[in-house]
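Novice: Starting off with a structure, shown below.
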């Protein structure tokens with residue numbers, strides 16, 4: 196699947212809008228100003244995710260997973276570097292962890308943070324593209340990237356695409372590295388591209404007839 | 180007498196956050212961490228308002244809302260959710276929610292909505 200330049204531009208713009216909303220949600224949650232790097236976007240086959248992800252987040256990661264459904268359906272994952280996840284929960288609970296591990300309470304907090312951030316991001320997709328996205332209950336896991344990829348591709352016979360969005364959040368002098376990964380099957384990916392095409396046309400109509 | 184508000188959310192973090200906001204305005208807060216517990220507590224405690232998370236383990240918020248309406252057709256329910264989609268807000272409205280509050284919570288907005296509803300200003 197190759198996106199045209201216009202589709203790629205539109206997708207990048209959509210992700211910029213979505214991440215601005217995500218950053219705002221993170222700022223509201225933590226009570227701190229959040230500096231957000233411009234997100235970089237890449238499209239991969241889900242089975243080839245390993246290399247692209249492990250370059251940026253080596254070792255253990257905290258990841259929150261939500262299945263989303265509707266006309267565009269798939270798996271949404273928010274990946275955070277482990278230290279960043281610990282830092283984030285400390286900011287939210289006003290507690291400093293001695294052993295830098297995520298205890299049960301911290302995991303619960305992180306799951307809800309993932310829920311809020313994934314909803315903020317995918318909600319923008321839903322609103323802008325006029326498709327309703329339903330969500331499953333979020334789940335948190337702590338794993339290596341390799342374990343995550345293996346889990347994502349387990350017993351899946353179908354070809355799936357992974358839209359990988361990488362950004363860095365800087366909150367209160369600390370850096371949190373985060374990935375948002377959307378894994379879609381062919382039908383959902385086709386539908387996403389179709390909705391993006393319609394969004395492009397809608398924008399062009401507005402530009403011509405504001 | 181202060182109004183009694185039931186906060187229903189499977190996230191302890193969100194319950195804590197809402198509880199803090201509501202108690203700052205002297206509302207009495209009771210908590211439920213899933214839909215079944217919410218239905219039981221509603222029956223026993225008869226809260227004046229229910230603040231109901233949409234996405235929970237077990238029963239989904241809109242299913243809980245439907246059940247609450249069966250128990251009490253006048254049940255006053257506000258949906259809370261991280262979901263920012265306009266279509267979701269519409270679904271909540273159609274299911275009978277009086278209002279819709281997005282997470283993360285903004286204290287002033289929460290209190291405005293709650294105060295409005297509890298003084299009979301039931302609009303979405």
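Protein chains in written order, with the numbering used here: chain U, 196 to 405; chain W, 180 to 303.
Positions of the beta carbon are idealized from the N, C-alpha and C atoms, including for glycine.
Taking CB distances under 9 Å as the criterion, tell me whether residue 266 of chain U reaches chain W.
Specialist: The count along the first chain starts at 1 and reaches residue 266 of chain U at position 71. Residue 266 of chain U does not count as touching chain W.
Novice: Could you tell me the boundaries of the alpha helix (DSSP H) in which residue 299 of chain U lies?
Specialist: Within the first chain, residue 299 of chain U is the residue found at index 104, counting from 1. Element bounds for residue 299 of chain U: 299-324.
Novice: Spell out whether any CB of chain W is found under 9 Å from the CB atom of residue 371 of chain U.
Specialist: Counted from its first residue, the first chain places residue 371 of chain U at position 176. Answer no: the Cβ-Cβ gap between residue 371 of chain U and chain W never drops below 9 Å.
Novice: What would DSSP say about residue 332 of chain U, mapped onto helix, strand or coil?
Specialist: On the first chain, residue 332 of chain U is found 137 positions in, with the first residue counted as 1. Of the three classes helix, strand and coil, the one that applies to residue 332 of chain U here is coil, per DSSP.
Novice: What span of residues does the alpha helix (DSSP H) with residue 215 of chain W cover, start to end?
Specialist: As a position in the second chain, residue 215 of chain W is number 36, starting the count at 1. From DSSP, the alpha helix (DSSP H) with residue 215 of chain W extends over 214-224.
Novice: Taking residue 181 of chain W as the reference, give the member of W:216, W:194 and W:228 with the closest Cα.
Specialist: Start at 1 with the first residue of the second chain, and residue 181 of chain W comes out as number 2. When only C-alpha atoms are compared, the closest one is W:228.
Novice: Provide the residue(s) that pair with residue 232 of chain W in DSSP beta bridges, ordered along the chain.
Specialist: As a first step, residue 232 of chain W must be located in the second chain, where it is residue number 53. Note: residue 232 of chain W sits in a beta bridge opposite W:259.
Novice: With DSSP as the reference, label residue 355 of chain U as helix, strand or coil.
Specialist: Position 160 of the first chain, counted from the start, is the residue given in the question as residue 355 of chain U. Residue 355 of chain U: strand per DSSP, three-state reduction.
Novice: Grouping DSSP H, G and I as helix and E and B as strand, with all else coil, what is residue 284 of chain W?
Specialist: The residue labelled residue 284 of chain W in the question sits at position 105 within the second chain. Three-state result, residue 284 of chain W: coil.
Novice: In angstroms with no decimal places, state the Cα-to-Cα distance between residue 289 of chain W and residue 232 of chain W.
Specialist: Position 110 of the second chain holds residue 289 of chain W. Position 53 of the second chain holds residue 232 of chain W. Their Cα atoms are separated by approximately 14 Å.
Novice: If residue 240 of chain U sits next to residue 391 of chain U, beta carbons under 8 Å apart, how far is it from one beta carbon to the other, in whole angstroms?
Specialist: Position 45 of the first chain, counting from 1, holds the residue named residue 240 of chain U. Position 196 of the first chain, counting from 1, holds the residue named residue 391 of chain U. The Cβ separation is near 19 Å, so there is no contact.
Novice: To which residues of the same chain is residue 304 of chain W closer than 6 Å at the C-beta, ignoring the five residues directly before and after it?
Specialist: Missing from the structure shown is residue 304 of chain W; chain W here goes from 180 to 303 and no further.
Novice: Counting only beta-carbon separations shorter than 9 Å, does residue 191 of chain W have a partner in chain U?
Specialist: To locate residue 191 of chain W, count along the second chain from 1; it is residue 12. Output row for residue 191 of chain W: interface = yes.
Novice: Can you give me the Cβ contacts of residue 193 of chain W inside the same chain, cut-off strictly under 6 Å, excluding the 5 residues immediately before and after it?
Specialist: The residue labelled residue 193 of chain W in the question sits at position 14 within the second chain. Excluding residues within five positions, none has a Cβ falling inside 6 Å.
Novice: Is it buried or exposed, residue 185 of chain W, if we count other Cβ atoms within 10 angstroms and call 16 or more buried?
Specialist: Taking the first residue of the second chain as position 1, residue 185 of chain W is located at position 6. Its Cβ being crowded by 16 or more others within 10 Å, residue 185 of chain W is buried.
Novice: Assign residue 380 of chain U to one of three DSSP states: helix, strand, or coil.
Specialist: Walking along the first chain from the start, residue 380 of chain U turns up at place 185. Residue 380 of chain U falls in the strand class under three-state DSSP.
Novice: Would residue 303 of chain W count as contacting chain U if we go by Cβ distances under 9 Å?
Specialist: Taking the first residue of the second chain as 1, we reach residue 303 of chain W at position 124. Interpretation of residue 303 of chain W is limited by its pLDDT of 45, a score under 50 that renders its predicted location unreliable; the figure taken from the coordinates is listed afterwards. No, because no Cβ of chain U sits closer than 9 Å to the Cβ of residue 303 of chain W.
Novice: Can you confirm whether residue 327 of chain U, when its beta carbon is compared against all beta carbons of chain W, has any partner nearer than 9 Å?
Specialist: Reading the first chain from its first residue, position 132 is the one you call residue 327 of chain U. Yes, residue 327 of chain U lies at the interface with chain W (some Cβ there is under 9 Å from its Cβ).
Novice: Is any beta-carbon of chain W found at less than 9 Å from that of residue 360 of chain U?
Specialist: The residue given as residue 360 of chain U occupies position 165 in the first chain. It does not; no Cβ of chain W falls within 9 Å.
Novice: In chain order, what residues of the segment 222-236 of chain U put their CB closer than 8 Å to some CB of chain W?
Specialist: Per Cβ criterion, the list reads 223 and 224.
Novice: If you draw a straight line from the alpha carbon of residue 283 of chain U to that of residue 305 of chain U, how long is it in whole angstroms?
Specialist: Along the first chain, read from residue 1 onward, the residue named residue 283 of chain U stands at position 88. Along the first chain, read from residue 1 onward, the residue named residue 305 of chain U stands at position 110. Taking the straight line joining both Cα atoms gives about 8 Å.
Novice: Could you give the first and the last residue of the continuous beta strand (DSSP E) run that contains residue 270 of chain U?
Specialist: Taking the first residue of the first chain as position 1, residue 270 of chain U is located at position 75. 269-276 is the extent of the beta strand (DSSP E) around residue 270 of chain U.
Novice: Alpha carbon to alpha carbon, what distance is there between residue 352 of chain U and residue 285 of chain W?
Specialist: Position 106 of the second chain holds residue 285 of chain W. Position 157 of the first chain holds residue 352 of chain U. Distance between the alpha carbons of residue 285 of chain W and residue 352 of chain U is about 44 Å.
Novice: Using a Cβ-Cβ cut-off of 9 Å, state whether residue 383 of chain U counts as contacting chain W.
Specialist: On the first chain, residue 383 of chain U is found 188 positions in, with the first residue counted as 1. Answer no: the Cβ-Cβ gap between residue 383 of chain U and chain W never drops below 9 Å.
Novice: If you run the structure through DSSP and keep just helix, strand and coil, what is residue 371 of chain U?
Specialist: Within the first chain, numbered from 1, the residue matching residue 371 of chain U stands at position 176. Correct three-state label for residue 371 of chain U: strand.
Novice: Name the chain U residues whose beta carbon is nearer than 8 Å to that of residue 230 of chain W?
Specialist: The sequence position of residue 230 of chain W within the second chain is 51, counting from 1. Simply none; closest approach about 15 Å.
Novice: Within 9 Å of any Cβ in chain U, is that where the Cβ of residue 262 of chain W sits?
Specialist: In the second chain, residue 262 of chain W corresponds to position 83, counting from 1. So, interface residue.
Novice: Rounded to whole angstroms, what's the CA-CA distance from residue 299 of chain U to residue 394 of chain U? Just pull it up for me.
Specialist: Numbered from its first residue, the first chain carries residue 299 of chain U at position 104. Numbered from its first residue, the first chain carries residue 394 of chain U at position 199. Rounded to whole angstroms, residue 299 of chain U to residue 394 of chain U spans 42 Å at the Cα level.
Novice: Curious, which full-length alpha helix (DSSP H) runs of at least 4 residues does the segment 214-271 of chain U contain?
Specialist: The qualifying runs are 244-249.
Novice: Assuming residue 269 of chain W is part of the alpha helix (DSSP H), what are its boundary residues?
Specialist: Indexing the second chain from 1 puts residue 269 of chain W at position 90. From DSSP, the alpha helix (DSSP H) with residue 269 of chain W extends over 265-273.
Novice: Take residue 190 of chain W as the anchor and find which of W:224, W:255 and W:234 has the nearest alpha-carbon.
Specialist: As a first step, residue 190 of chain W must be located in the second chain, where it is residue number 11. Per the Cα distances, W:234.
Novice: Could you tell me which chain U residues have their CB closer than 9 Å to the CB of residue 236 of chain W, listed as they occur along the chain?
Specialist: If you number the second chain from 1, residue 236 of chain W lands on position 57. In chain order: 332.
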